[in-house]
Every structure is written in C-alpha cells, then in structure tokens.
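Sequence lines, in order, name chains A and B.
According to this note's numbering, the first sequence holds residues 3 to 172 in order.
According to this note's numbering, the second sequence holds residues 102 to 261 in order.
Report on the structure given below.
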Amino acid sequence: MGNNLQTAAETIQEKYNGEISSFRDQITLLLSKDSIVEVCQILRDDFSFGVLVDETVVDYWRRKEPRFQVVYQLHSRQHDERIFLRTPVSDDNPITSSVVSIYPNANWYEREIWDLFGIRFKGHPDLRRILLPKGYQGHPLRKDVPIKVEETRFTFNNDELARGKPRAKD
Amino acid sequence: MGLEEKAGNLGFVTTTLENVVNWSRTRAMWPLLSGLACCAIEMMAAQSSHYDMSRFGMELMRASPRQSDLLIVAGRVTNKMAPVLRRLYDQMPAPKWVISMGDCASNGGVFNNYAIIQGVDEVLPVDVYVAGCPPRPEALIHGILVLYDKVQQEGITEWA
Chain A
3 MGNNLQTAAE TIQEKYNGEI SSFRDQITLL LSKDSIVEVC QILRDDFSFG VLVDETVVDY
63 WRRKEPRFQV VYQLHSRQHD ERIFLRTPVS DDNPITSSVV SIYPNANWYE REIWDLFGIR
123 FKGHPDLRRI LLPKGYQGHP LRKDVPIKVE ETRFTFNNDE LARGKPRAKD
Chain B
102 MGLEEKAGNL GFVTTTLENV VNWSRTRAMW PLLSGLACCA IEMMAAQSSH YDMSRFGMEL
162 MRASPRQSDL LIVAGRVTNK MAPVLRRLYD QMPAPKWVIS MGDCASNGGV FNNYAIIQGV
222 DEVLPVDVYV AGCPPRPEAL IHGILVLYDK VQQEGITEWA
C-alpha cells in the first residue's frame, strides 16, 4: 500500500470519522453524506486523487436504513493509487450531495444514478434523465422493481395474453 | 384462348395487371439498410456473396428510407429506438412491407424488461415474422420468399 494512500485514508478517518475497511490493499472509506464534498475536495487537492473513475450506487434492498450506498472510485495518476468512498443514503429521503463542483465528470454519472435508481443530488446543475426516454415513470434498476414487464406466453395462455397487447395501425 | 390463338407466336404474353405489378414489385424490393442488434450480422451475411440476396431482387440495401420498400427489423427494439424506427417507416413511400427478424423483434425474446419493446408489432404493422435467435440467412431468405408470396396475392383493391 502506498504512503500517500495510507496518509490520505488516515487523515480522512480522523477528521470526518470515516470507517476504513480494506480488501487486498483496496481501501474503502464509509463516510456520512454531509462530508462527501469536503472529503473529495481534500483528496483531490491535497492527495492528488484527480480522477473520478466511477460513481455508482448499490441498492441493499430490504435493508431499510440505509438502503442505498453511493460509491465513488478515485484514482491518483501521480501515485497510481485508488480509493473508494461510500456514503449511505436512506430509502425515505434518497438525497445526497453532488460532487460536480469537484469532479465535473460526475455530472453524467449522477444523472444516470438519478435515472435508474432515483437518488437526487443536491447542487447538481442539470439533474434530468440521461438514458431512459423522457416521459418514463419510475427508476427501473431499483431492486423492488419487477424484472418482467410482460407475462410469459405459453400455449395455454397465449390467446388470452395476446388479446391485451397493443397493436400498431398501418 | 382468344387473343393468344389469334396472336399466334407473335411474342405476346397476356396476364392480369395485378400479376404484372406484383411481379415487378417482388423482383426489385429494396430493403432499408438498418440493423438494430446482432440479427443485423445475419442480415449482412444474407446479403453477402455466399447467400446472395441479390438473387431475389435485393440488389442493394438503401441507406435512405425514401428509396426502400422493405424494412427488416433486425434486432431488439428499445423504447428509445421505437419512435425512430416508426419515423423511418413513415418516411418510406408506399407500398412498403415489414419483416420482423428474430425473436427479439417479434416478441421481445429473452429481453423481458423495462428497456425493450415486447414485439415490434406494437409500433409497426408487421407482414412476416422470422423466428430464430438469430435466424440463419436461409431463414431470413425464406421469410423474404414468404413475403413475396404474400405480395403476389395482393389484389388491385388493396393498392388504393
């Protein structure tokens, strides 16, 4: 494990009461969602984590509080090190802070997260759907959304289900 | 009868107007160059020299919907692509036909989820469905020949 990464993790842990876990030299910091913007600022400016490689979210469905965890993966090109940040987001009020002010490429990541998981980002300049069509209802990658949109048709129920299908006119 | 007997072997052929128009339509049916997913690979293979769709009047695939009369929906149709496809279809001049190629275009196939239209017949009027995942070029060509049979049976009243 690199020196820079070690000191970065320890600094953040001390200052923002983050929870460190590591797996095969990969460090993950669990933070509260109020501190994420400041932490990103410090990691970028003081520890050269200049690249936001990915921002995504995990849905731990049926666990109520916190249901989601937003995951940030940062990379330092200078030291070739990676650090993972996680912030819990609750089910009742799925909102967290946007890091667009620190990493501009977070813009589209956060739009994608909003689109597919329905998590809002405070301070995002343009939070609208990015992948799904404009009028789409709901957030389909949440785990409580049913996978199937249509009942599977077999010989015994084919006619019945085919009757309910919309058909194009010429 | 009648005319043939009188004309002898002067080189006349008598037929119906329906027959000759439908014959000419099936011998120069140009498909739209549009592939949506992996079925497009098989469609390209069907066009290539090994299978050679040119034998059936499909000399070339047109890149413009205004020059084509057959839309081969080759692949899964996403919710976002459906309006685009419908627009392409609307831009094609009549008479026009649609082949739904493969399971995904016909009924959603394995993609029973939020992103995919469950059958392109929800947005376009389909003439022939070709089953398979993906259908081999022979299957596509068979579908085209089935479509030709259908076109050949069209009556003068349906042209209006």
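Even glycine gets a Cβ: it sits at the ideal position worked out from N, Cα and C.
These numbers come from a predicted model, not from an experiment.
Assuming aspartate 222 (chain B) contacts tryptophan 198 (chain B) under a Cβ cut-off of 8 Å, what Cβ separation, rounded to an integer in Å, is found between them? Approximately 13 Å separates the beta-carbon atoms of aspartate 222 (chain B) and tryptophan 198 (chain B); this is outside 8 Å, ruling out the contact.
Can you confirm whether glutamine 219 (chain B), when its beta carbon is compared against all beta carbons of chain A, has any partner nearer than 8 Å? Yes, its Cβ sits closer than 8 Å to a Cβ of chain A.
Between lysine 181 (chain B) and chain A, is the shortest Cβ-Cβ distance under 8 Å, so that the two count as touching? yes
For serine 125 (chain B), three-class secondary structure by DSSP: Correct three-state label for serine 125 (chain B): helix.
Give the residues of chain B in contact with glutamate 152 (chain A), contact being defined as C-beta atoms less than 8 Å apart. Within 8 Å Cβ-Cβ: Gly209, Asn213 and Gln219.
Chain-ordered neighbours of leucine 225 (chain B) on chain A, where CB pairs are closer than 8 Å: Ala170
With H, G and I counted as helix, E and B as strand and the rest as coil, what does DSSP make of isoleucine 200 (chain B)? strand
Run through chain A and tell me which residues come within less than 7 Å of aspartate 204 (chain B), C-beta to C-beta. Under the 7 Å cutoff, chain A gives no residues; its nearest Cβ is about 12 Å from aspartate 204 (chain B).
By DSSP's criteria, phenylalanine 86 (chain A) is part of a beta bridge. Which residues make up the other side? A:Thr30 and A:Gln75
Could you check what DSSP says for tyrosine 249 (chain B) in three-state terms: helix, strand or coil? Looking at tyrosine 249 (chain B) - three-state DSSP - the assignment turns out to be helix.
DSSP on threonine 179 (chain B), reduced to helix/strand/coil? strand
I want to verify the contact list: residues of chain A whose CB lies under 8 Å from the CB of aspartate 170 (chain B), in sequence order. The contacting residues do not exist; aspartate 170 (chain B) stays about 14 Å from chain A at best.
Give every residue of the same chain whose Cβ lies closer than 7 Å to the Cβ of arginine 122 (chain A), excluding the five residues on either side of it in the sequence, and list them in chain order. Pro96, Ile97, Trp116 and Leu129
Along the beta strand (DSSP E) that carries valine 39 (chain A), what are the first and last residues, could you check? In the DSSP assignment, valine 39 (chain A) falls outside any beta strand (DSSP E) and lies within the alpha helix (DSSP H) extending over 38-49.
Could you check the C-alpha separation between histidine 151 (chain B) and glutamate 143 (chain B) for me, to the nearest Å? Looking at the two C-alpha atoms, the distance is approximately 12 Å.
At what residues does the alpha helix (DSSP H) containing isoleucine 115 (chain A) begin and finish? 108-119
First through last residue of the beta strand (DSSP E) which encompasses glutamate 57 (chain A): DSSP places glutamate 57 (chain A) inside the beta strand (DSSP E), whose first and last residues are 53-61.
For chain A, check one thing: does any of its Cβ atoms lie closer than 8 Å to the Cβ of aspartate 153 (chain B)? no
Would you say isoleucine 127 (chain A) reaches chain B, if we count a Cβ-Cβ gap shorter than 8 Å as a contact? The sequence shown places proline at residue 127 (chain A), rather than the isoleucine named in the question. Chain B places no beta carbon closer than 8 Å to that of proline 127 (chain A), leaving this residue out of the contacts.
Using a Cβ-Cβ distance under 8 Å, would aspartate 222 (chain B) count as near chain A? Interface flag for aspartate 222 (chain B) against chain A is set, since a Cβ pair is found closer than 8 Å.
Quick one: using the 10 Å Cβ neighbour count with 16 as the cut-off for buried, is leucine 54 (chain A) buried or exposed? buried
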